[in-house]
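**Q** Shown below is the structure under consideration.
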Amino acid sequence: MGPLHIASTVKTPEIVFQAEDQRLVLSGRSIPENAVDFYRPVLDWAQSIGPDFKLTVQVQLEYFNTSSSKCLLDLFKRLEQSDALEVQWYFDADDEDMLEAGEDYDHIVNVPFKFVEIDPEA
Amino acid sequence: MGLATFDGKPSTCNLDTLLKHLEEVVVQRMEDRRVFRAVIECVQNLERHADPLRTAHFRLMGRSLNGEPRFKIRSLNPVREGDVSQVRRWIQQYASLQELTVSAIDDGALDWRLLYRQCLDSGSRTPRGGAGLGWVSLAKAAVTPPQIRIIHAANGPKLFFSVEVACTR
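Chains as they are written, first to last, in the working numbering: chain A, 1 to 122; chain B, 123 to 291.
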């Protein structure tokens, strides 16, 4: 499993694979004009994951546009083949839309989702 | 009340500046992120679909209805010459979707989330968009179905888009 680190910008999230705890973390906002180009290296990286690889995908996004939403679905579908995968979907307690977005992915892909509520005041 | 106005070339630089300003305007007034999410989609639609060489127009208006804050987003942009037929096809596709949603709203039977999930998982895409997913996302957040139409102006076709978003369901 190769390293992966994409630095954040004002329109794109930080994406990093933390090898020590086998965690892929997406954080920030994902509103690139061309989401397909942006997510290509992540999808390529995900392609190399074997079915026995244990991985936690931590999604902690503030905003994402619709083209990013398709790419996130592509990512989850590529990782679906892994038997030991969990998605941790973070959402602010007052952000019902973000919770629903995670539930929509949970409904579509065959991957266990764990929803983690964040207290925005904390 | 007009909250923000843009009349200019829909370049990435101009629209990034506009989006930054809109975030300050919207988030300052309303913590509900739904409004800014709708704003992002509308501004990025301009970047994707507007003729980059001609002036596009964007308006964000706010009002209060029975104490509920509402925001109306409007854009008007010339359509690229080579995109006109594609946009017309898209509007036709949109029209059937709008008809579906309007009738479903009337029936009280629309399952927005099901429609959203179907569009998300459809696999169909266009070179510059998600084949209806953006529209369904906006419609999901909107008070009434978004309006979209081609206006036949003297100097060429223009795309009119309008959506009204409330901060609470």
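C-beta: ideal position from N, C-alpha, C; glycine also.
What residues from chain B crowd round residue 118(A), counting only those whose CB sits closer than 8 Å?
**A** Correct list: empty, because the minimum Cβ distance to chain B is about 13 Å.
**Q** Any chance you could list the beta strand (DSSP E) runs of at least 3 consecutive residues sitting entirely within the stretch 24–103 of chain A, in chain order?
**A** Listed in chain order, the complete beta strand (DSSP E) runs (minimum 3 residues) inside the stretch 24–103 of chain A are 54–64 and 84–92.
**Q** Quick check: is the beta carbon of residue 133(B) nearer than 7 Å to any beta carbon in chain A?
**A** Not an interface residue.
**Q** Since residue 33(A) meets chain B, which of its residues come closer than 8 Å, beta carbon to beta carbon?
**A** Going along chain B in sequence order, the residues near residue 33(A) (Cβ under 8 Å) are 134, 166, 169 and 170.
**Q** Which residues in the same chain as residue 196(B) place their Cβ atom closer than 6 Å to its Cβ, once the five residues preceding and following it in sequence are excluded?
**A** Counting only Cβ-Cβ distances below 6 Å, and skipping sequence neighbours, we find 181 and 284.
**Q** Hey, is residue 243(B)'s beta-carbon within less than 7 Å of any beta-carbon in chain A?
**A** Closer than 7 Å to some Cβ of chain A, the Cβ of residue 243(B) qualifies, so yes.
**Q** Only counting the same chain, and skipping five residues up and downstream in sequence, which positions put a Cβ closer than 7 Å to that of residue 119(A)?
**A** Once the five neighbours on either side are set aside, the close Cβ partners of residue 119(A) are 93.
**Q** Do you know offhand how far residue 271(B)'s Cα is from residue 47(A)'s?
**A** Roughly 41 Å separates the two Cα atoms.
**Q** Output, in sequence order along the chain, the residues in the stretch 53–69 of chain A whose CB is closer than 7 Å to any CB in chain B.
**A** The residues in question are 63, 65, 66, 67 and 69.
**Q** Would residue 8(A) pass as an interface residue toward chain B - the criterion being a Cβ-Cβ separation below 7 Å?
**A** Chain B contact via Cβ: absent.
**Q** If we cut at 7 Å on Cβ distances, does residue 133(B) have a partner in chain E?
**A** This model lacks chain E altogether, as its protein chains are A and B.
**Q** Please go through the same chain and pick out, in chain order, the residues whose beta-carbon is closer than 6 Å to the beta-carbon of residue 249(B), but skip the five residues on each side of it.
**A** With a pLDDT of only 45 at residue 249(B), under the threshold of 50, the placement of this residue in the model should not be trusted; the figure read from the coordinates follows. So no residue of the chain qualifies.
**Q** Do you know how far the Cα of residue 35(A) is from the Cα of residue 14(A)?
**A** Their backbone Cα atoms lie some 14 Å apart in a straight line.
**Q** Only counting the same chain, and skipping five residues up and downstream in sequence, which positions put a Cβ closer than 6 Å to that of residue 39(A)?
**A** Around residue 39(A): 71.
**Q** Return the residue from the list 78(A), 109(A) and 95(A) that minimises the CA-CA distance to residue 44(A).
**A** For residue 44(A), the nearest C-alpha among the options comes from 78(A).
**Q** Please report the Cβ distance between residue 73(A) and residue 242(B), rounded to the nearest whole angstrom; I am assuming they are in contact, meaning their Cβ atoms lie under 8 Å.
**A** Right, the Cβ-Cβ distance comes to about 6 Å (below 8 Å), so this counts as a contact.
**Q** Between which two residues does the beta strand (DSSP E) holding residue 175(B) run?
**A** Run containing residue 175(B): none; DSSP gives neither H nor E here.
**Q** Figure out for me which residue from 3(A), 29(A) and 7(A) has the closest Cα to the Cα of residue 18(A).
**A** Checking every option, the nearest Cα to that of residue 18(A) belongs to 3(A).
**Q** Can you grab the Cα-Cα spacing for the pair residue 81(A) / residue 100(A), in whole Å?
**A** Cα to Cα, the separation comes out at about 24 Å.
**Q** Can you look up residue 209(B) in the DSSP assignment and give me helix, strand or coil?
**A** Helix, per DSSP.
**Q** Are any of the Cβ atoms in chain A nearer than 7 Å to that of residue 270(B)?
**A** So no, residue 270(B) is outside the interface.
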